[in-house]
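Have a look at the structure below before the remarks.
If you want it as structure tokens, here you go:
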């Protein structure tokens, strides 16, 4: 037996949740589907390939104060930002849920990033299995299934006009609307099949092609626009700066990218990674070599966003296949 | 480190400032909370991140040794936004301190060895606590040779301590500048050339070097000519850092995070980095 919820009841449940807490869900905006704060369930989009932007912004905001400086009677007090409101994050795809788990690895490693940890702890993830693959999707090559229930609290899988409901965690179980859920004999549909990118052995191949001219040749057309890092569900590099506004001081953490010129430039001017080729290489090495060496998993989830949005068609699927060939050549 | 929220600095007070060179100040800082002050132990080679609230924070090596006292000492060269702000502060000003971060020189492991310290410019900063540690534990180490270079005599960072270092038993201090002035009677030579001239023996020796990249590059060549192996050469690396916690990925070089895996590395370890810098 499986538990199911009808589409109509799913929307009623979401309406109920909107009344109780913050609900972030896919909605249309300027021709794109984006995760947005929902104010009514009818705005929530249930049928989409994936959102244009990854969900990471809800947990690692584009720009957020780490603390503000409180100056009273000459005494300084640092007031840390805290996350108090409970949030339901609805409609996260399995690839993006893995993306959050990947970002967790460095950010929650001791000592944990307290602010990120609060964003994560205060949020319940409701996943939506993919019933069709987008043209750039290759999650299965990264070891993720389109209906993978790992890394979410509740998983929904569409069957006809209903959704199979699986509570994955205790947190998910606590949120389920028992009054709206029915028992059913329905079976989940087969997951869609996807293009395959040969990722097997890539981590082992990477060290051998570091010096290849390939990287600077590939980077030659890069405009360092940073869209790849901006849309990526696993990029988490950040910058920390202070701002003063009319005497009030805040320390702010904002997204940054290893593709930015000056990312590694030291005070005084020395920059150990001053060329575009070295920076683009860093992006691929961080995802395909350093991250897996540190944390055991490739730092890419195959969502295909960087492929779709790169204005000069730098395509990680092609890069992986090129590296495999380069590696095979250097072995001969 | 503030384990509850590692981005929140400890509050501290700037106790005193002194000019070390025309562009470098010696800052003495005391953590405000006495419990934190007692807990804040660190070893030569480790660093802390100093905040000038409103202008930002930046990493600096701790130039003091923690067993001598609870005050933290920094040598800050005016070179960017945060260092400029720190130079402008008056004693009594509030600053923030995060840390201590990073690894440290394996001074336990170097016991019994002759130590050669080779520093250029502000690169002497992380070497000062090593020198003072060795002088405070003199019997544990062999001969100490300090080669300290700078662009001009005025740029030699720890001049007030030179007499102590030179006169300590079993220690020798060799100063050199790129360009002398009217009062300078010492060497006018580049640091790597002084290494070549003095020919320190590689036998039972550890060479610890820090300075501008070009100085390090040629110093390594000279040391290798003298027979130093990669495991006998130790340096401390500078890299853009933001968080100090291995999270922001700014200082990621190869599979290492300089803020966590470093900043101290043997040349043997560095030669395994894929990326050169």
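Protein chains in written order, with the numbering used here: chain A, 394 to 725; chain B, 1148 to 1424. No residue lacks a Cβ here, since even glycine has one placed at the ideal position from N, Cα and C.
{"query": "State the Cα-Cα distance for the pair residue 468 of chain A and residue 1297 of chain B, rounded to the nearest angstrom.", "result": "41 Å"}
{"query": "Going straight from the alpha carbon of residue 1328 of chain B to that of residue 1300 of chain B, what length do you get?", "result": "7 Å"}
{"query": "Since residue 429 of chain A is in the beta strand (DSSP E), which residue starts that stretch and which ends it?", "result": "425-430"}
{"query": "What does the Cβ neighbour count give for residue 1185 of chain B, buried or exposed, with the cut at 16 atoms within 10 Å?", "result": "exposed"}
{"query": "Of all Cβ atoms in chain A, is any one closer than 9 Å to the Cβ of residue 1365 of chain B?", "result": "no"}
{"query": "Residue 625 of chain A: which of A:697, A:484 and A:513 sits nearest, CA to CA?", "result": "A:697"}
{"query": "If you follow the alpha helix (DSSP H) that residue 1362 of chain B is in, where does it begin and where does it stop?", "result": "1360-1372"}
{"query": "In the DSSP assignment, the alpha helix (DSSP H) including residue 1414 of chain B goes from what residue to what residue?", "result": "1414-1417"}
{"query": "Going along the chain, which residues of the segment 509-521 of chain A sit with their C-beta nearer than 8 Å to a C-beta in chain B?", "result": "none"}
{"query": "Taking all protein chains shown into account, do 16 or more other C-beta atoms lie within 10 angstroms of the C-beta of residue 587 of chain A, making it buried, or fewer, making it exposed?", "result": "buried"}
{"query": "Establish whether the CB of residue 672 of chain A and some CB of chain B are separated by less than 9 Å.", "result": "no"}
{"query": "Indicate, with yes or no, if the ligand MG has a heavy atom lying under 8 Å from the CB of residue 1197 of chain B.", "result": "You won't find the ligand MG in this model; it holds no ligand whatsoever."}
{"query": "Considering only their Cβ atoms, is the gap separating residue 556 of chain A from residue 437 of chain A smaller than 9 Å?", "result": "no"}
{"query": "Fully enclosed by the segment 1284-1355 of chain B, which beta strand (DSSP E) runs are 3 residues long or longer?", "result": "1291-1297 and 1318-1324"}
{"query": "Please identify, using Cβ separations under 8 Å, the residues of the segment 651-663 of chain A that lie next to chain B, in order along the chain.", "result": "651, 656, 657, 658, 659, 660, 661 and 663"}
{"query": "Which same chain residues, not among the five before or five after residue 1323 of chain B, have their C-beta less than 6 Å away from its C-beta?", "result": "1296, 1334, 1336 and 1341"}
{"query": "Whose C-beta lies closer than 7 Å to the C-beta of residue 472 of chain A among residues of the same chain, with five residues either side of it excluded?", "result": "460, 461 and 463"}
{"query": "If we count the other Cβ atoms within 10 Å of its Cβ and call it buried at 16 or more, is residue 647 of chain A buried or exposed?", "result": "exposed"}
{"query": "Measure the C-alpha to C-alpha separation of residue 546 of chain A and residue 1230 of chain B and round it to an integer number of angstroms.", "result": "46 Å"}
{"query": "Check whether the Cβ of residue 1198 of chain B lies closer than 9 Å to any Cβ atom in chain A.", "result": "yes"}
{"query": "Going along chain A in order, which residues have a C-beta closer than 9 Å to the C-beta of residue 1360 of chain B?", "result": "663 and 665"}
{"query": "Ends of the alpha helix (DSSP H) at residue 1243 of chain B?", "result": "No alpha helix (DSSP H) contains residue 1243 of chain B, which is instead part of the beta strand (DSSP E) from 1241-1248."}
{"query": "Just list the residues that DSSP pairs residue 420 of chain A with in beta bridges.", "result": "A:427 and A:437"}
{"query": "Since I believe residue 612 of chain A is in contact with residue 673 of chain A (beta carbons under 8 Å), could you give me their beta-carbon distance rounded to a whole number of angstroms?", "result": "4 Å"}
{"query": "Checking 9 Å against the spacing of the C-beta atoms, do residue 1177 of chain B and residue 1160 of chain B come in under that value?", "result": "yes"}
{"query": "Taking the alpha-carbon positions, what's the residue 551 of chain A to residue 485 of chain A distance?", "result": "14 Å"}
{"query": "Mind checking which residues open and close the alpha helix (DSSP H) that includes residue 565 of chain A?", "result": "563-568"}
{"query": "Along the chain, where does the alpha helix (DSSP H) containing residue 1232 of chain B start, and where does it finish?", "result": "1228-1235"}
{"query": "Give the interface partners of residue 623 of chain A over in chain B, defined as CB-CB distance under 9 Å, in chain order.", "result": "Correct list: empty, because the minimum Cβ distance to chain B is about 15 Å."}
{"query": "Looking only at its own chain, which residues have a Cβ that is under 8 Å from the Cβ of residue 685 of chain A, when we skip the five neighbours before and after it?", "result": "596, 691 and 692"}
{"query": "Going along the chain, which unbroken runs of the beta strand (DSSP E) with 3 or more residues stay wholly within the segment 609-674 of chain A?", "result": "631-638 and 641-648"}
{"query": "Below 8 Å on the Cβ atoms is my contact criterion, and I expect residue 1411 of chain B with residue 1266 of chain B to pass it. Report the Cβ-Cβ distance as a whole number of Å.", "result": "Between residue 1266 of chain B and residue 1411 of chain B the Cβ distance is about 14 Å, and since that is not below 8 Å, they are no contact."}
{"query": "Taking residue 686 of chain A as part of the beta strand (DSSP E), name the residues at either end of that continuous run.", "result": "First-last for residue 686 of chain A: 684-688, but that is the alpha helix (DSSP H), not the beta strand (DSSP E)."}
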